[in-house]
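A.B. asks:
In my numbering, the protein residues as written are 7 to 605.
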C-alpha cells in the first residue's frame, strides 16, 4: 500500500514557519559557541514579534534555548522566562527550577527561597533567564554518512563525496491520558521544525525528506518537520499514514563544513484542537463520502470544461472569419429579407438551435466568471497576509539592528535593501565585532531578499488572476450580445413565416448585434486564450485535490477506528494543554513553552 505523503501546500506552510523561526533567532548565527549566552539574550530581546504571532494568552511564557554539539547531544540549556504583570503589581511571585537567575531586560531585584522567587516588579513585566540540567522533552540526534560510511562531522571536515545528514527526533515526554475510558501512556504532542542554510558552492543536488528546499542560486534553505511520538499516540500504522519523526538531507558535497541547524519544538498548535463539534463517526464518514462524490464531479466537470475551451481556442481563427462573414451577411439578409421567404421554415429551425447554444454558452461563461470572481476576491487577502508577514519580518529586522546600537530609518519593502547595505558598508574595521555585525546584517538582508521574492510572486499571481477576470468579463459582454442577437434572429425567423416585414425587423436587430460582436472579436479571442490556460490549471488542481487530498483522507479514515482516533486526538489536546513549563511555574499561573535548538 502506498504511504501518504506530506502535500506541497503543507510543506509551504512548514517552510514559512521555518523562515519565521529563523527570523526570530537570526542573531544566533552571528556568535560562536562561547558567546551563546549573549546570542540567546539578543534573540530573546527581539522575540516580541514572534510572541505576537503565536497569540499566546498565558501568564508566563517560556523559551528554552538548547545549545548542542554537531551530533545533536545537549551541551547547555538556557531558559528565558517572561512573567506578565497585567495588573501592574509591585511584587510578583514565581516558582522555578532554574539556577543562576539573571534579569535580562530591567533592573528589578529578587529574593529566592528554594524554588520560590519573589520579584520587586514595580508594576513591570519581568524577563529573566537561568540554567537547568534535566532531560528535554524532545531530543535531536544528528548523524552523518559519507559515501555510505557512518562518520562524525569533524572527521569529514574539508572532504567531498555523497553525504547524507539525518536528524532523528525522540519524544521523551510521556504522561497518562484517558482514551476510551482507559488510562494509557501517551507522548506530549510536539511539532518540530528544523532549518539550515547550505552554501551552494559546497552543497549541490540537495534533496530533503519531510521538508522543503528553497534555492536562490547562492544558498539552499532547508526546512523540515517532524511529529515525534505521534504515530504511537494515534495508534495508526505507517501503512495507513506515515507521520514523520526524522528528516534526511542528501547532497553532493565539496570541502564539507558542518552546517548550523536551528530547530523549534512546540506543543502550542495542539492546545487548540477541539473534537466536540463532531457528533458521530458515521456522520463524519457520510459527509466525507458526499465530499468525495462532489470532488469527482468537479474533476469531471473541470476536464470537460478544459476540453471544450481547447476546441474553442483551436477554432478562434475560423470564429473570427465567421464573425466577419456573419456581419456582412446580416446586412445582406436585411436587404434580401423578402427573397428568403421560401426558406423561412428551415432558417427558423437553425436560428432556434443557435439561440439555445448561445444561451448555454452564456450560462457556462457566467458560472466560470463567478468562479474567477471568487478567486479574485481572495487575492487581496493573500497579498495582505503576505504583506503582513513581510512587515513583521521588517519590524523584527529593525529591532535587531536597533538592539545592536545602530540607528536607521524604519525599514520598508522599498528601502530595506538600501538601508541595510548602507549600514554594512559603513561598518569599518576587521575586528571580530565588526565582522560579526556585518555578517549578522548580511544574514538579515539575505532573509528579507528571499522573502521579498516570495512576496513579489504573490503579487504577480494576484495580478494574473485579475487579468484573467477582466478577460472573462469582456467575454461575458460579448457572449451576452451574441445571445441577444441570436434570440432576435430566432424571433425574426418565426415572424418571417407570417410576413417579410417581420423578417426585415429581425434582420435589422441581428445586424446591430453582429456589429457589436465584430467590434469585440479581439477581446473574445484574448479571453478564450486566458480561459484555456485557467481551465487547464483548474483541472490539474482539482485532480490533485481529489487524488492527494479527498481520496487519501477517506482511505485513511476507513483504515482506522475513527471513533478511537477522535478520542485519542481529544486526549492529546488535553495532554498538550497540561504541558505548560519546562523550568517550573507557580500553579496559579498559566504557561506556555517553546524550545529552540542550535546545533
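Built from N, CA and C at the ideal position, the CB exists for glycine as well. Note that this is a predicted model, so its numbers are computed, not measured.
1) To the nearest angstrom, report how far apart residue 373 and residue 578 are at their CA atoms.
2) Taking the alpha-carbon positions, what's the residue 35 to residue 146 distance?
3) Would residue 177 and residue 227 qualify as a contact pair, given that the criterion is a beta-carbon distance under 9 Å?
4) State the start and end residues of the unbroken alpha helix (DSSP H) segment that holds residue 371.
5) For residue 209, write down the residues that DSSP places opposite it in a beta bridge.
6) Can you check whether the C-beta of residue 231 is within less than 9 Å of a C-beta belonging to chain B?
7) Any idea what DSSP makes of residue 585, helix, strand or coil?
8) Residue 161: buried (16+ other C-beta within 10 angstroms of its C-beta) or exposed?
9) List the DSSP bridge partners of residue 230.
10) Does DSSP put residue 81 in a helix, a strand or coil?
11) Looking only at its own chain, which residues have a Cβ that is under 8 Å from the Cβ of residue 97, when we skip the five neighbours before and after it?
12) Residue 417 and residue 430 - do their beta-carbons sit closer together than 9 Å?
13) Starting from residue 185, trace the beta strand (DSSP E) both ways and give me its first and last residue.
14) In three-state DSSP terms, what is residue 139?
15) Which runs of the beta strand (DSSP E) spanning at least 3 residues fall entirely within the stretch 402-477, listed in chain order?
16) According to DSSP, residue 175 sits in a beta bridge with which residue or residues?
17) Spatial neighbours of residue 503 within its chain, please: C-beta separation below 8 Å, excluding the five flanking residues on both sides.
18) Which residues share a DSSP beta bridge with residue 189?
19) Enumerated in chain order, which unbroken segments of the alpha helix (DSSP H) with a length of 4 residues or greater are wholly contained in the stretch 87-120?
20) For the pair the stretch 215-226 and the stretch 174-194, tell me if three or more CB-CB distances fall below 8 Å.
21) Just reading off the beta strand (DSSP E) that residue 611 is part of, what are its end residues?
22) Measure the beta-carbon distance from residue 581 to residue 194 and round it to whole angstroms, keeping in mind my assumption that it falls under 8 Å.
23) Taking just the CA atoms, how far does residue 360 sit from residue 466?
24) Excluding five sequence neighbours on each side, which residues of the same chain lie with their C-beta closer than 8 Å to the C-beta of residue 137?
25) I'd like to confirm the pairing. Which residues does DSSP put opposite residue 126 in its beta bridges?
26) With H, G and I counted as helix, E and B as strand and the rest as coil, what does DSSP make of residue 64?
27) Where residue 100 and residue 259 are concerned, what is the direct C-alpha to C-alpha distance, given to the nearest angstrom?
28) Can you give the beta carbon distance from residue 492 to residue 379, rounded, assuming they're within the 8 Å contact cut?
29) Excluding the 5 residues preceding and the 5 following residue 456 in the sequence, name in chain order all residues of the same chain whose CB lies nearer than 8 Å to its CB.
30) List the whole-angstrom C-beta distance separating residue 520 from residue 357, where the pair is believed to meet the contact cut-off of C-beta under 8 Å.
31) Here's the rule I'm using: 16 or more other beta-carbon atoms within 10 Å means buried, otherwise exposed. How should residue 92 be labelled?
32) Just to confirm before moving on: does the CB-CB distance between residue 264 and residue 163 stay below 9 Å?
33) Whole angstroms are fine: how far does the CA of residue 234 sit from the CA of residue 482?
34) Enumerate in chain order the residues of its own chain whose CB-to-CB distance from residue 54 is below 7 Å, with the five nearest sequence positions on each side excluded.
35) Using the rule of at least 16 other Cβ atoms within 10 Å of the residue's Cβ for burial, across every protein chain shown, is residue 88 buried or exposed?
36) Using the three-state DSSP reduction, which class does residue 278 fall into: helix, strand or coil?
C.D. replies: Concretely, from the data shown:
1) What you label residue 373 is simply residue 367 of the chain shown in a count that begins at 1. What you label residue 578 is simply residue 572 of the chain shown in a count that begins at 1. Taking the straight line from one Cα to the other gives about 44 Å.
2) By one-based count along the chain shown, residue 35 stands at place 29. By one-based count along the chain shown, residue 146 stands at place 140. The predicted model places residue 35 with a pLDDT of 33, which falls under 50 and marks its position as unreliable, so this point remains unresolved.
3) For the purposes of this step, residue 177 is identified with residue 171 of the chain shown, where counting begins at 1. For the purposes of this step, residue 227 is identified with residue 221 of the chain shown, where counting begins at 1. No, the Cβ-Cβ distance between residue 177 and residue 227 is not below 9 Å.
4) Taking the chain shown and counting its residues from 1, the one referred to as residue 371 is at position 365. It spans 350-383 - the alpha helix (DSSP H) in which residue 371 sits, taken as one unbroken run.
5) The sequence position of residue 209 within the chain shown is 203, counting from 1. Looking at the DSSP assignment, residue 209 forms a beta bridge with 259.
6) Absent from the structure: chain B. Only one protein chain is present.
7) Within the chain shown, residue 585 is the residue found at index 579, counting from 1. In the structure shown, residue 585 sits in coil (DSSP, three-state: anything other than H, G, I, E or B).
8) In the chain shown, the residue the question calls residue 161 occupies position 155. Exposed, because fewer than 16 other Cβ atoms sit within 10 Å of the Cβ of residue 161.
9) Position 224 of the chain shown, counted from the start, is the residue given in the question as residue 230. Per DSSP, 200 and 217.
10) As a working note, residue 81 is residue 75 in the chain shown. Residue 81 falls in the strand class under three-state DSSP.
11) Mapped onto the chain shown, residue 97 falls at position 91. Around residue 97: 124, 125, 126 and 127.
12) Residue 430 sits at position 424 when you count from the first residue of the chain shown. Residue 417 sits at position 411 when you count from the first residue of the chain shown. Against a cut-off of 9 Å, the Cβ pair of residue 417 and residue 430 comes out as no contact.
13) Within the chain shown, numbered from 1, the residue matching residue 185 stands at position 179. 180-185 is the span of the beta strand (DSSP E), which, as asked, contains residue 185.
14) Taking the chain shown and counting its residues from 1, the one referred to as residue 139 is at position 133. DSSP places residue 139 in coil when its eight states are reduced to three.
15) none
16) Along the chain shown, read from residue 1 onward, the residue named residue 175 stands at position 169. Beta-bridge pairing links residue 175 to 146.
17) What you label residue 503 is simply residue 497 of the chain shown in a count that begins at 1. Around residue 503: 350, 351 and 354.
18) In the chain shown, residue 189 corresponds to position 183, counting from 1. Residue 189 is bridged to 184.
19) none
20) no
21) The question about residue 611 has no answer, for the chain in this structure spans 7 to 605.
22) In the chain shown, the residue the question calls residue 581 occupies position 575. In the chain shown, the residue the question calls residue 194 occupies position 188. Going by Cβ atoms, the distance from residue 581 to residue 194 rounds to 6 Å, so yes, they are a contact pair.
23) Position 460 of the chain shown, counting from 1, holds the residue named residue 466. Position 354 of the chain shown, counting from 1, holds the residue named residue 360. Their Cα atoms are separated by approximately 39 Å.
24) Reading the chain shown from its first residue, position 131 is the one you call residue 137. The answer, listed in chain order, is 82, 83, 84, 85, 104, 105 and 106.
25) For the purposes of this step, residue 126 is identified with residue 120 of the chain shown, where counting begins at 1. Answer by DSSP bridge pairing, in chain order: 97.
26) On the chain shown, residue 64 is found 58 positions in, with the first residue counted as 1. Reduced to three states, the DSSP call for residue 64 is coil.
27) Your numbering for residue 100 matches position 94 in the chain shown. Your numbering for residue 259 matches position 253 in the chain shown. Roughly 50 Å between the two C-alpha positions.
28) Here residue 492 refers to the residue found at position 486 of the chain shown. Here residue 379 refers to the residue found at position 373 of the chain shown. At roughly 25 Å, the Cβ-Cβ gap does not stay under 8 Å, so residue 492 and residue 379 are not in contact.
29) Looking up residue 456 in the chain shown gives position 450. Correct list, in chain order: 25, 220, 222 and 227.
30) Against the chain shown, residue 520 aligns to sequence position 514. Against the chain shown, residue 357 aligns to sequence position 351. Not confirmed; about 13 Å, so no contact.
31) One-based indexing of the chain shown puts residue 92 at position 86. Classification for residue 92: exposed.
32) Sequence index remark: in the chain shown, residue 264 carries index 258 (1-based). Sequence index remark: in the chain shown, residue 163 carries index 157 (1-based). Yes, these two residues count as a Cβ contact at 9 Å.
33) As a first step, residue 482 must be located in the chain shown, where it is residue number 476. As a first step, residue 234 must be located in the chain shown, where it is residue number 228. Distance between the alpha carbons of residue 482 and residue 234: 53 Å.
34) Against the chain shown, residue 54 aligns to sequence position 48. Unreliable placement is indicated for residue 54, whose pLDDT of 42 sits below 50; no coordinate value is reported for it.
35) Taking the chain shown and counting its residues from 1, the one referred to as residue 88 is at position 82. With 16 or more Cβ atoms within 10 Å of its Cβ, residue 88 is classed as buried.
36) As a first step, residue 278 must be located in the chain shown, where it is residue number 272. In this structure, residue 278 counts as coil in the three-state DSSP scheme.
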